[in-house]
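S.K.: Heads up, the sequence shown is in the working numbering, so the first residue is 1083 and it goes up one at a time. Attaching a single structure in structure tokens format; questions to follow.
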Amino acid sequence: HNTRVLVISDIHANFDALKAVLDDAGEVDETWCLGDLVGYGPDPNECIQSISEQPNLKCILGNHDAAALGKISLSSFNNDAGLSVKWLAPNLSKISMDFLVSLPEKLVIGNVTLAHGSPINPIWEYLLDTSSAKGSFKNLQTDLCFVGHTHVPLAFFQSSDSEVQGILLKEDLTLQITGKAILNPGSVGQPRDNDIRASYAIYQPEQNIWQTYRVQYDIEAVQSRINTSGLPSFNA
Ligand code: ZN
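And the structure:
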């Protein structure tokens, strides 16, 4: 039996997208969640409950989760993101808050570091290009680092001469990982790579394989819940 790890990030309180991903992934041995469970979407409590029930869960804190807890200032958020965080205060249950409070900013599992943004600045740094990835590799204690935050599925590789290469990950791609790599599964609830479907990855540690997947879900249902929830309509 090869271990299958479901890797998800940036769910953003989109329960339809999360359900579609969990269904599509099927049975997995572990689930690693890279943060931003809440923010923007209408279903924060449903998403937190569902994620917290996944077997062998490892989960870290994202910037929206940290803001919901009042751990970071809203001044760094754009207007709709800030309003979405404020919306959480009366809408997040005590159980959900307690779960978010329990999340670490960073985790190391074997030879993999989990960080929402980057290993250097787990809450905030966006790894969008090879120059920012280079800095991360320099500070990475493990061979691999799984990140979210950009909402774009991509991979950075560091070859032996410390050159860094980045590639956008298309759906159904199977990557054989060699050497040091930073991998992003994309976003479950709010993709930003012009593919509206939910994005996730399956990691197989024994074989060092990373696979990316996209899955359709009922977007209109989520849009209508956003529009009746009091969240900024831009989120829909
Ligand atoms: Zn996010």
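C-beta atoms are modelled at their ideal positions from N, C-alpha and C, and glycine is treated no differently. Keep in mind the model is a prediction, meaning the values are calculated, not measured.
Taking just the CA atoms, how far does isoleucine 1130 sit from phenylalanine 1159?
M.R.: The alpha-carbon atoms of phenylalanine 1159 and isoleucine 1130 are separated by roughly 22 Å.
S.K.: I'd like the ranges of any beta strand (DSSP E) spanning at least 3 consecutive residues and lying wholly in the stretch 1090-1127.
M.R.: The stretch 1090-1127 contains these whole beta strand (DSSP E) runs: 1112-1115.
S.K.: At a cut-off of 6 Å, would you count aspartate 1105 as near ligand 1, judging by its Cβ distance to the nearest heavy atom?
M.R.: The answer is no for aspartate 1105.
S.K.: Just checking aspartate 1092 against ligand 1 - is the residue's beta carbon closer than 6 Å to any of the ligand's heavy atoms?
M.R.: True, at least one ligand heavy atom lies under 6 Å from that Cβ.
S.K.: With C-beta atoms as the reference, is proline 1201 less than 7 Å away from histidine 1233?
M.R.: Taking 7 Å as the Cβ cut-off, proline 1201 and histidine 1233 do not qualify as a contacting pair.
S.K.: Suppose the cutoff is 8 Å on Cβ atoms and the five residues either side in sequence are ignored; what does the same chain contact list for isoleucine 1191 look like?
M.R.: Cβ within range, chain order: Trp1114 and Lys1140.
S.K.: Could you pull the DSSP bridge partners for tryptophan 1292 from this structure?
M.R.: Beta-bridge pairing links tryptophan 1292 to Leu1257 and Tyr1285.
S.K.: Quick one: Cα of leucine 1255 to Cα of glutamine 1293, how far?
M.R.: Cα to Cα, the separation comes out at about 6 Å.
S.K.: Excluding sequence positions up to five away, which residues of its chain have a Cβ less than 6 Å from the Cβ of isoleucine 1154?
M.R.: Hits under 6 Å: Ala1148.
S.K.: According to DSSP, simplified to helix, strand and coil, what is glycine 1199?
M.R.: If DSSP states are grouped into helix, strand and coil, glycine 1199 belongs with coil.
S.K.: What would DSSP say about alanine 1237, mapped onto helix, strand or coil?
M.R.: It is a strand residue.
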